[in-house]
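> Take a look at the following structure, please.
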Amino acid sequence: AESPIEQCLSYLIRALQLNHPVGESNLSMHAAHSFKNMCMRCSYRLQSKEIVMGLINATSECINGAGRVDLPDKKALVEGVSRLISQMTPEDASFAVQQLLHPILHHLQSVFVSSCNGNGE
Numbered sequence: 118a119e120s121p122i123e124q125c126l127s128y129l130i131r132a133l134q135l136n137h138p139v140g141e142s143n144l145s146m147h148a149a150h151s152f153k154n155m156c157m158r159c160s161y162r163l164q165s166k167e168i169v170m171g172l173i174n175a176t177s178e179c180i181n182g183a184g185r186v187d188l189p190d191k192k193a194l195v196e197g198v199s200r201l202i203s204q205m206t207p208e209d210a211s212f213a214v215q216q217l218l219h220p221i222l223h224h225l226q227s228v229f230v231s232s233c234n235g236n237g238e
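For the sequence shown, counting from 1, position 94 maps to 211 in the numbering used here; every step adds exactly one.
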């Protein structure tokens, strides 16, 4: 069973996933910044590998998806998860950082390759 903190974070993530026009919803801004604040203030209760990996998976679509969530809100989500990662053991933190950054780095690589017309120059 989820703790009350985990239930609140799940609620905030669901609010971020609602369909709304980019730039026109305060809901996503408030949900993202509330998520970050909860991660920062409750990090001591959320530092297990299972919880952090679950939050990375749950926020992945919002962070890496095109369109729905504004860039400052994506930044707040990454900062919240990063705070939790900073509380983990070095081995678990290394794995979590890889999971968090892999989609971002993959996207940057594809943008770079397409901007170079596929020849890497």
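Every residue, glycine too, gets a C-beta built ideally from N, C-alpha and C.
1. Below 7 Å CB to CB, which residues in the same chain sit around residue 209 once its five sequence neighbours on both sides are set aside?
2. Excluding the five sequence neighbours on either side, which residues of its own chain have a C-beta within less than 6 Å of the C-beta of residue 132, listed in chain order?
3. Could you spell out where the alpha helix (DSSP H) holding residue 206 opens and where it closes?
4. In its own chain, which residues sit with a C-beta less than 7 Å from the C-beta of residue 164, not counting the 5 before and 5 after it?
5. One question on the structure: do residue 191 and residue 180 come within less than 7 Å of each other, judged by their Cβ atoms?
6. Which residues bound the alpha helix (DSSP H) around residue 159?
7. Quick one: is residue 152 buried, meaning 16 or more other Cβ sit within 10 Å of its Cβ, or exposed?
So, from the data block:
1. 166
2. 144 and 148
3. Taken as a continuous stretch (DSSP letters only), residue 206 belongs to no alpha helix (DSSP H), as it is neither H nor E.
4. 201, 204 and 205
5. yes
6. No alpha helix (DSSP H) holds residue 159; DSSP gives it neither H nor E.
7. buried
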